[in-house]
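S.K.:
Protein chains in written order, with the working numbering: chain A, 2 to 371; chain B, 2 to 371.
(1) Starting from the beta carbon of residue 254 of chain B, find every residue of chain A whose beta carbon is closer than 7 Å, and list them in chain order.
(2) Below 7 Å between beta carbons: does that hold for residue 157 of chain A and residue 209 of chain A?
(3) Taking 8 Å as the threshold, find out whether the segment 11-26 of chain A comes into contact with the segment 218-237 of chain A through three or more Cβ pairs.
(4) For residue 238 of chain B, count neighbouring C-beta atoms within 10 Å of its own C-beta (all shown protein chains included) and say buried if the count is 16 or more, exposed if not.
(5) What residues in the segment 173-191 of chain A have a beta carbon less than 7 Å from any beta carbon of chain B?
(6) For the candidate residues B/241, B/155 and B/258, whose alpha-carbon lies nearest to that of residue 207 of chain B?
(7) Just checking, does the segment 37-54 of chain A make contact with the segment 181-194 of chain A on the three C-beta pairs under 8 Å criterion?
(8) Look at the alpha carbon of residue 133 of chain A and the alpha carbon of residue 67 of chain B, and state the distance between them as a whole number of angstroms.
(9) Measure the C-alpha to C-alpha separation of residue 1 of chain A and residue 321 of chain A and round it to an integer number of angstroms.
(10) If residue 365 of chain B and residue 251 of chain B are in contact, beta carbons under 8 Å, what's the gap, nearest whole angstrom?
(11) Whole angstroms are fine: how far does the CA of residue 145 of chain B sit from the CA of residue 268 of chain B?
(12) For residue 311 of chain B, tell me which candidate among B/273, B/277, B/347 and B/127 has the shortest Cα-Cα distance.
(13) Using the Cβ count rule (16 or more neighbours within 10 Å means buried), how would you classify residue 363 of chain A?
(14) Would residue 98 of chain B pass as an interface residue toward chain A - the criterion being a Cβ-Cβ separation below 7 Å?
(15) Helix, strand or coil: how does DSSP classify residue 35 of chain B here?
(16) Inspect the CB distances between the segment 28-40 of chain A and the segment 292-305 of chain A and report whether three or more fall short of 8 Å.
(17) Is it true that the CB of residue 125 of chain B sits closer than 7 Å to the CB of residue 164 of chain B?
(18) In the DSSP assignment, what residue or residues form a beta bridge with residue 237 of chain B?
(19) When the distance is taken between beta carbons, is residue 214 of chain B closer than 7 Å to residue 340 of chain B?
(20) By Cβ distance below 7 Å, which residues in the same chain neighbour residue 169 of chain B in space, the five residues on each side in sequence not counted?
(21) For chain A, is any of its Cβ atoms less than 7 Å away from the one on residue 169 of chain B?
(22) For residue 229 of chain A, which residues of its own chain have a beta-carbon under 6 Å away from its beta-carbon, when the five flanking residues on both sides are left out?
(23) Taking the runs of the alpha helix (DSSP H) that are 4 residues or longer, which of them lie wholly in the segment 44-96 of chain B?
(24) Counting only Cβ-Cβ distances shorter than 7 Å, please list the residues of the segment 316-336 of chain A near chain B, keeping chain order.
(25) Please classify residue 185 of chain B: does DSSP put it in a helix, a strand, or coil?
(26) Have a look at B/151, B/256 and B/352 and flag the residue whose alpha-carbon is nearest the alpha-carbon of residue 317 of chain B.
(27) Considering only C-alpha positions, which residue in the set B/327, B/117 and B/127 is nearest to residue 59 of chain B?
(28) At a CB-CB cut-off below 7 Å, which residues of chain A make contact with residue 94 of chain B?
(29) Looking at chain A, which residues of the segment 61-78 of chain B have a Cβ within less than 9 Å of any of its Cβ atoms?
(30) So is residue 363 of chain A in contact with chain B if we call contact Cβ pairs under 7 Å?
(31) Tell me, which residues are paired with residue 276 of chain B by DSSP?
(32) Which word fits residue 370 of chain B, buried or exposed, when buried means at least 16 other C-beta atoms lie within 10 angstroms of its C-beta?
(33) Of all the options B/107, B/313, B/28 and B/9, which has the alpha carbon lying nearest to the alpha carbon of residue 204 of chain B?
(34) Unbroken beta strand (DSSP E) runs of length 3 or more, entirely within the segment 295-369 of chain A: which are they?
(35) Quick check on residue 1 of chain B: buried or exposed, where buried means 16 or more other Cβ atoms within 10 Å of its Cβ?
(36) Could you tell me if the beta carbon of residue 174 of chain A falls within a distance shorter than 6 Å of some heavy atom in the ligand FMN?
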């Protein structure tokens, strides 16, 4: 069981206002501490659905060959993004710019990442333009850097890439030496645009989508959110509630005794120290993060590491926690979720394994619980 | 008599290899110390003309309504530009990118500035694509900043703006809050592209061209270059040779006794101190520059200031000098040339008067010598 392999995941066919709430809750867990709190983005998506109607969701296997699927997202420093949640206008500008550069019609949109605020941004575009949303994404979670995307590992190009902001500035990259160059150029433009922007990029055709997008991650986020909501309503154990949906397991339970956090080069980096609760007979654990949680270590060694998902939930309520929400004294469960098997392909793993984040350790794969 | 008003300026109808040499020499004078030494650009233009044939020159009054005229140039730090003189490939990429963003056909190109290396770059594109070159530009000289362009004062937009480099990175700005925003975004992208790029921008239609481009500045550069070349061949006074062409006059003659120069925020800023030759009965003068010469002052006060042109020539040979070519002991004439009357229109003057460069003095207009 993993982010992609669950056989009985209920697939979402349409997203209405109520579904957005579950999606946002599940995306907070899949955000693994980063990606921003999606509730603000959820309010925007709900407003768009109220105005333009619900969003149709299509299976990645059912997308036709008559055009391209274009992911849209916010790019920039998370703190700035949350201050500048986009209106629909920037999304319209980004798509207009994209269509001018791309010969093929845009037949659908999708999230570039399944966690955090970018899980809800594409819903705004989809509702406004009557586009379907593909039930997939390019990470199966959130990652801090744009090139950390399965689509790129499969050969998708980051360009044409279009950035738009609320002042109607529109910057495009229509050619680049490689995806890393496109990323570097885009980052420079985003800084000049004030620190955040809407981005349309990594357009994929049906074949690349089928082979390299993480399938059913929209449905997964909704299922996780629904399970967490129902567990809370019934006072059930949140981890037990989501385990059948995503293969989640408890890695450690503890109380926050230290939070180190600094903003470096547009990323929030830091370390969380936990003192074990009685349930584990004490001990300590540390969680390192760069926007997202990267690795969790106890006195017994590494408990989990990227690309597998490391998420924290508040022990009592099961509420998923973002890095910004951490504070001294909080009692939390550390949850591990196996990453999409796509990340373990040889083309993809070097983009996101521990070494990609500066840890001199070999990748450790969380076993499937079945 | 001024940069634009000479009634008997011989108009150039075609530019062949020999004409490029005169154009580059004249453009060094109109570069007023900046814009880079156009001889390297001249070699590129000559190579393109050798391969693709001479470039047809059209009068700005004769440009039709069936498309737009697109200036192309190099943008970036002058020192980097001279190390990265573009091949034709970047110009092709910039124009392809431009045509994708601009609905109207490109019917001609022209220089954005009449001085320095950017006077010859458009010839490379014109030769490669069989496009005519309009006998005009957007400054009638060189200026250090992109928004210092008559076309912008007349309402032309800087965007669509397309940047391309030798690694085939192509960055476009297809919308902006205003020309200053477009400039800021373009500068950020140019820095990320390694410090210089080819740019296509400030496209104009026939009406804007007629009203706001500086007319006949290509012919003027060629006429100045020819006059300087012939004066040197015959041992004639260079200033007397070019005076009938452009209204040039000698402002000061002196020996360089000090050169202060520093590179700040991508500009070369500094001051040149001259000790007067006997012809002026001694005295001192100072020339301040920001890439281009901005103001010349003697003990008697301001002799000339932007937007009028302040150029230096080597006293013996009449060779126009760039800021980089200045050195202790050099004997020079300081020449003033009246700016295009377009710069004295109220919409345009604030872009380039002494206050635009931080001098707290009112504009001083060089009188026409007749």
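Here a beta-carbon is modelled for each residue, glycine too, at the ideal position from N, C-alpha and C.
M.R.: Let me spell this out:
(1) Those within 7 Å of residue 254 of chain B in chain A number zero; the least Cβ separation is about 45 Å.
(2) Cβ atoms of residue 157 of chain A and residue 209 of chain A: closer than 7 Å.
(3) yes
(4) Answer is exposed; the Cβ neighbour count stays below 16.
(5) 173, 174, 175, 176, 177, 178, 182, 185, 186, 189 and 190
(6) B/155
(7) They do not touch, by the three-pair rule.
(8) Distance from the CA of residue 133 of chain A to the CA of residue 67 of chain B, rounded to the nearest whole angstrom, comes to 40 Å.
(9) Because chain A in this structure spans residues 2 to 371, residue 1 of chain A falls outside the shown range and cannot be described.
(10) Residue 365 of chain B to residue 251 of chain B, Cβ: 17 Å. No contact.
(11) When rounded, the distance between both Cα atoms is 8 Å.
(12) B/273
(13) Taking a 10 Å sphere around the C-beta of residue 363 of chain A, we find fewer than 16 other C-beta atoms and assign the residue as exposed.
(14) yes
(15) coil
(16) yes
(17) no
(18) Answer is none; residue 237 of chain B lacks a bridge partner.
(19) no
(20) 94
(21) yes
(22) 26, 239 and 319
(23) 79-84
(24) none
(25) It is helical.
(26) B/256
(27) B/127
(28) 176
(29) Nothing from the segment 61-78 of chain B brings a Cβ to less than 9 Å from some Cβ of chain A.
(30) no
(31) B/256 and B/285
(32) Unreliable positioning characterises residue 370 of chain B in this predicted model, as indicated by a pLDDT of 49, which lies under 50. The coordinate reading is nonetheless provided below. It counts as exposed.
(33) Nearest option by C-alpha distance: B/107.
(34) Scanning the segment 295-369 of chain A for uninterrupted beta strand (DSSP E) segments of 3 residues or longer gives 302-306, 310-315 and 332-338, listed from N- to C-terminal end.
(35) Because chain B is modelled from 2 through 371, residue 1 of chain B falls outside the range shown and cannot be assessed.
(36) For the ligand FMN, the structure offers nothing, since it holds no ligand at all.
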